[in-house]
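Read through the structure below, which is laid out as structure tokens, and then see the notes.
Residue numbers (the numbering used here): 72 to 307.
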């Protein structure tokens, strides 16, 4: 419903009332998680109204000193879904083709951009603004500042999503990855989430040449995490 909320086709008040009525009739169903997301949306609009500089400026001003990497080539690989991390690539390709992403995938691709690649969150927010059908200044900005750790109610700086573990946890059978990254479709689930770990025989069986048919990981996540932690710690 996010595009319909953004364009005013349905109001937050209507949604709130519908969820409350539904939960009253079906008490076994939990509406609170959904309502929390609705409140988060309204909070984002409240913050933007009072801090109109938020789309360009981190709420936590020390992030102005962050040692970001301005890497157009890496940014383009992320935008095109060619990072070598299947869940990230599936998400970015879905975004380009449909204009929508599940919130979990938004967090994973966002974390990868700002914490694995150390690219400024504003670059990610700008790309989402150009591609999302539910692009909303308040929510888009709040989401990116949250994942970066510089917003008014941000994720802890040490929360860095591991794209491979997230992939195994939320797409265990590989349906999502195989839909959006079809060149990996023939890999067994054991290697689908981390193609670079596949033995040569499995890659040959899948008719997959890494670095040609599908990119090798553009960064080593463990090393990137260590570098990000050092950069964040330096801000203290």
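Glycine included, C-beta positions come from ideal geometry on N, C-alpha and C. Just so you know, these numbers come straight off a predicted model, no measurement behind them.
Selection from the options that minimises the alpha carbon distance to residue i
i, options, result
"residue 238", "122, 272, 177", "177"
"residue 311", "99, 162, 129, 305", "Outside the displayed range of the chain (72 to 307) lies residue 311, so it cannot be described from this structure."
"residue 230", "165, 304, 123, 258", "304"
"residue 193", "171, 216, 202", "216"
"residue 104", "116, 115, 91", "91"
"residue 214", "250, 175, 283, 274", "175"
"residue 168", "117, 182, 250, 141", "250"
"residue 157", "259, 142, 274, 264", "264"
"residue 170", "276, 202, 159", "202"
Separation of residue j from residue i, as counted between CA atoms
i, j, result
"residue 189", "residue 85", "40 Å"
"residue 78", "residue 242", "31 Å"
"residue 100", "residue 72", "19 Å"
"residue 137", "residue 296", "15 Å"
"residue 268", "residue 281", "11 Å"
"residue 88", "residue 96", "12 Å"
"residue 179", "residue 185", "10 Å"
"residue 132", "residue 125", "11 Å"
"residue 302", "residue 266", "29 Å"
"residue 248", "residue 93", "34 Å"
"residue 228", "residue 211", "19 Å"
"residue 118", "residue 127", "14 Å"
"residue 245", "residue 288", "18 Å"
"residue 80", "residue 102", "21 Å"
Three-way DSSP call (helix, strand, coil) for residue i in this model
i, result
"residue 156", "coil"
"residue 105", "helix"
"residue 281", "strand"
"residue 212", "helix"
"residue 307", "coil"
"residue 141", "coil"
"residue 125", "coil"
"residue 79", "coil"
"residue 249", "helix"
"residue 274", "helix"
"residue 136", "helix"
"residue 86", "helix"
"residue 166", "helix"
Cβ-based neighbour list, residue i, same chain, cut-off 8 Å, excluding 5 preceding and 5 following
i, result
"residue 83", "76, 109, 112, 113"
Cut-off 6 Å between Cβ atoms - residues of its own chain near residue i, not counting five sequence neighbours on either side
i, result
"residue 206", "200"
Beta-carbon contacts of residue i that lie in its chain and below 7 Å, excluding the five residues immediately before and after
i, result
"residue 278", "257"
Cβ of residue i within 9 Å of any chain B Cβ
i, result
"residue 209", "No chain B appears in this structure, which consists of one protein chain only."
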